[in-house]
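Notes for the one structure printed next.
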Amino acid sequence: MNETASLRARAEIDLAALRANVRVLRARASGAQLMAVVKSDAYGHGALRCARAALDAGAAWLGTATPQEALALRAAGIGGRMMCWLWTPGGPWREAVEADIDVSVSGMWALREVVDAATEAGIPARIQLKAATGLGRNGCPPADWPELVCAARTAEAAGTVRITGLWSHFACADEPGHPSIAAQLDVFRDMTEYAQKAGAEPEVRHMANSPATLTVPESHFDLVRTGIAMYGISPSPELGTSADFGLRPVMTLAASVALVKQVPEGHGISYGHHYTTSTETTLGLVPVGYADGIPRHASGRGPVLVDGKWRTIAGRVAMDQFVVDLGGDTPAPGAQAVLFGPGDRGEPSAEDWAVAADTIAYEIVTRIGARVPRVYVDKGQEHVDEGPDLS
Ligand SMILES: Cc1ncc(COP(=O)(O)O)c(C=O)c1O
């Protein structure tokens, strides 16, 4: 038996697919560099391995949300340009400056903290000023921009920071033609122009996430920041399927059927008995549950391929397991139950699970828990990582 055949569950990560997706996205935005967004353990795919694969395929930057995520990549030996954007007061500014990580600055408190850290470190901080152009989340509002730009330029003149980037983030890029897209682009152009007139000479100006990379070419500027599309998932079914964009899903989630048994008609299934067998039938026990990231909200709805047939979760998803009604079929224990994947075997997609759980496919892959080993597959070779590779 090979190393992975006996696993209770596995999230297979196809690194060749990830590299191919990076190449497809680079071709879409050929005038810009590509930042591989590997936050949240690369959307559940494993940050270190995905970062390496993305860099191999020509990504020029890596992006994370938290500084801790970026620092963990540096500690694992990943070099090159790296940026993180989700800061709170007292964050590890000095560590980030010393690790040559670009840090996002959305307001005066952050500028003050990074200037202090850079002064202590004796190294200029690489800062990227974030413009609030309409998402209504992080970023410096237009009214406060002159003060922030002026203070950042003063710090730059003093040698404590270097303004390496000007950037922003879309609210509705996954809704083609949404009026906010053009409106945000206008505000971004005005704000970058203001900063550049004030003397900022950014290496990169950037706004585009996956949907904008795929469908809003005028948003590409110098750099695109792609997450979900790199993992082979369409950012929005409205925009097209992943296949429409030439992308291939990277994660396949499967489990070994733990038990197959015969039950009579009228048998209640799982907590609360929300499913009752309508006839004598067979049940399959799939040993993954909400502790593994399977949404409890998909109880009675989530699809799974068992022995070549689509089945639907019967009753509630429990912490560690759920049940499918096999309709009299008797696959052997150990048969693979494939929850989602690229579809080669006819299995459901992460998007099918998103529909079943009233969410988006981003959440389906990102929430797969640490208890599920990631099995990295590359050109036929397999390697198992027990749990996420960055803890
Ligand atoms: C600031 C920022 N840029 C880029 C991305 C990547 O977005 P997507 O996964 O849609 O490509 C994200 C993810 O939400 C983000 O927070």
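For the sequence shown, this note's numbering begins at 9 and goes up steadily by one.
Glycine included, C-beta positions come from ideal geometry on N, C-alpha and C.
Which residues does DSSP list as the beta-bridge partners of E20? T260 and V383
Just to check, is the beta-carbon of H305 closer than 7 Å to a non-hydrogen atom of ligand 1? no
Under the assumption that P311 contacts P356 (Cβ atoms under 8 Å), give the Cβ distance between them as a whole number of angstroms. 4 Å
Beta strand (DSSP E) runs contained entirely in the segment 69 to 100, provided each spans 3 or more residues: Complete beta strand (DSSP E) runs here, min 3: 69 to 72 and 89 to 92.
Could you give the first and the last residue of the continuous alpha helix (DSSP H) run that contains I171? Counting along the chain, I171 falls outside any alpha helix (DSSP H), though it belongs to the beta strand (DSSP E) covering V169 to W175.
Measuring CA to CA, which of D300, M91 and V169 is closest to L124? The question names Leu, but residue 124 in the sequence shown is Asp. Between D124 and the set D300, M91 and V169, the nearest pair of CA atoms involves V169.
From the beta carbon of L347, is the nearest beta carbon of chain C less than 8 Å away? Looking at the structure shown, chain C is missing, and only one protein chain is on hand.
In whole angstroms, what separates the C-alpha of F229 from that of A179? 17 Å
How far does the alpha helix (DSSP H) with P219 in it reach, from first residue to last? S218 to T223
Residue nearest to R256 in terms of C-alpha spacing, selected from S242, L267 and A55: S242
Cβ separation of A67 and L42, assumed to be a contact under 8 Å, to the nearest whole Å: 5 Å
Which residue's Cα is closest to the Cα of E273: A266, V258 and L291? Taking only the C-alpha atoms, the option nearest E273 is L291.
Could you tell me which of T260, V332, G240 and G316 sits nearest to H275, measuring between CA atoms? V332
Residue span of the alpha helix (DSSP H) that contains M116, given as start and end: M116 to A129
Is DSSP giving R213 helix, strand or coil here? Here R213 carries a strand assignment [DSSP, helix/strand/coil].
Roughly how many angstroms lie between the CA atoms of D108 and W361, to the nearest whole one? 39 Å
Coil, strand or helix - I189 by DSSP: helix
Relative to the C-alpha of G39, which residue among P225, V157, T234 and A140 is closest? P225
Below 8 Å between beta carbons: does that hold for A160 and L94? no
Rounded to whole angstroms, what is the Cα-Cα separation between R319 and L261? 15 Å
Give the single residue among P75, I86, G85 and S114 whose Cα lies nearest to the Cα of V105. P75
For a test of the three-state rule: what should DSSP assign to C180, helix, strand or coil? coil
Go ahead and pull the three-state DSSP assignment for I236. helix
When the Cα atoms are used, what is the spatial distance from H282 to R309? 12 Å
From the DSSP output, in three-state form, read off D152 for me. helix
Residues in the same chain with beta-carbon distance under 6 Å from A17, minus the five sequence neighbours each way, listed in chain order, please. Counting only Cβ-Cβ distances below 6 Å, and skipping sequence neighbours, we find A263, V296 and V380.
Just how far apart, CA to CA, sit D22 and L247? 24 Å
May I ask which residues mark the beginning and end of the alpha helix (DSSP H) holding T141? T141 -> no alpha helix (DSSP H), and no H or E assigned at all.
N-terminal and C-terminal residue of the alpha helix (DSSP H) that I372 is part of: A369 to T374
Runs of 3 residues minimum, wholly inside the segment 287 to 358: which ones carry the beta strand (DSSP E) assignment? Qualifying beta strand (DSSP E) stretches, in chain order: 289 to 294, 311 to 314, 317 to 322, 330 to 333 and 344 to 348.
Once the 5 residues before and after A203 are set aside, which same chain residues still bring their CB inside 6 Å of it? V157 and L174
Please report the distance separating the alpha-carbon of M9 from that of I372. Low confidence applies to M9: its pLDDT is 39, below 50, so where it sits in the model is not reliable, and the reading given next is rough at best. Cα to Cα, the separation comes out at about 30 Å.
Check for me: the alpha helix (DSSP H) holding L56 runs from which residue to which? A55 to D64
If you drop the 5 nearest sequence neighbours on each side, which residues of the same chain put their C-beta closer than 6 Å to that of I236? S218, P243 and Y370
Sequence-distant residues of its chain with Cβ nearer than 6 Å to D386 (five each side left out): L23 and A24
Under 8 Å by Cβ, that's how I've got S114 and G142 pegged, so tell me the actual separation to the nearest angstrom. Contact flag wrong, Cβ pair sits at about 14 Å.
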